[in-house]
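In the working numbering, the protein residues as written are 35 to 184.
For glycine and all other residues, C-beta sits at the position ideal for the given N, C-alpha and C.
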Amino acid sequence: MEMIFRAAGFADLDARTLYGLLKLRTDVFVVEQQCAYPELDGRDLEEGTRHLWFERDRTPIAYLRILTDYEENGPVARIGRVVTAKDARGLGLAGKLMVAALAASGDRPIVLEAQSEVAGFYERYGFHATGPEYLDDGIPHIPMRRELPS
């Protein structure tokens, strides 16, 4: 079955696609990881948010979103909600999404909050820890950052 890469802003998502993206995120983050938290945080709606995903048979199987945050020195990209469906893991889709996210983030630093067990995955894309490990809904996380290439 063919996997198709897609990218869109919120306003460009049709109802079926939005449902599929939210179902994937909920299936993994809320159900599989047993974390009851506000998955719908309002940030999907922000004008600058980009949704990147792979789909198979019109069903999203891997996803991430890119937000815009602001720091003292200007805007930064924030990558989050990186997720792959259980039956699509091991296909390299998260890595392909990261490459696309780095390209889409342009000339801004990029930050993310990695689950600690996958911090090494993000290190392969130039991210480094910027603070101590902390618990988020009982799961260890670590803040990470990727500076602009010199």
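Handout entry: Identity of the residue in 52, 91 and 113 nearest residue 122 by Cα
Key = 91
Handout entry: Closest by C-alpha distance to residue 117, when choosing among 103, 97, 110 and 89
Key = Checked all of 103, 97, 110 and 89; the closest Cα to residue 117 is 97.
Practice task
Look up residue 145 in the DSSP assignment and give the residues it is bridged to.
Solution key: 112 and 179
Exercise for the section: Could you tell me which of 81, 88, 104 and 95 sits nearest to residue 144, measuring between CA atoms? Expected result: 104
Exercise for the section: Using the Cα positions of residue 70 and residue 63, report the straight-line distance between them to the nearest angstrom. Expected result: 8 Å
Problem - Alpha carbon of residue 154 to alpha carbon of residue 106, nearest angstrom - result: 28 Å
Exercise for the section: Could you spell out where the beta strand (DSSP E) holding residue 90 opens and where it closes? Expected result: From DSSP, the beta strand (DSSP E) with residue 90 extends over 84-90.
Problem - Pairwise C-alpha distance: residue 39 and residue 80 - result: 22 Å
Handout entry: Candidates 125, 87, 82 and 126: closest to residue 111 by CA position
Key = 82
Handout entry: Outcome for residue 128 when other beta-carbon atoms lying within 10 angstroms are tallied against a minimum of 16
Key = buried
Exercise for the section: Mind checking which residues open and close the alpha helix (DSSP H) that includes residue 156? Expected result: 153-157
Exercise for the section: Specify the secondary structure class of residue 39 as computed by DSSP and reduced to three states. Expected result: strand
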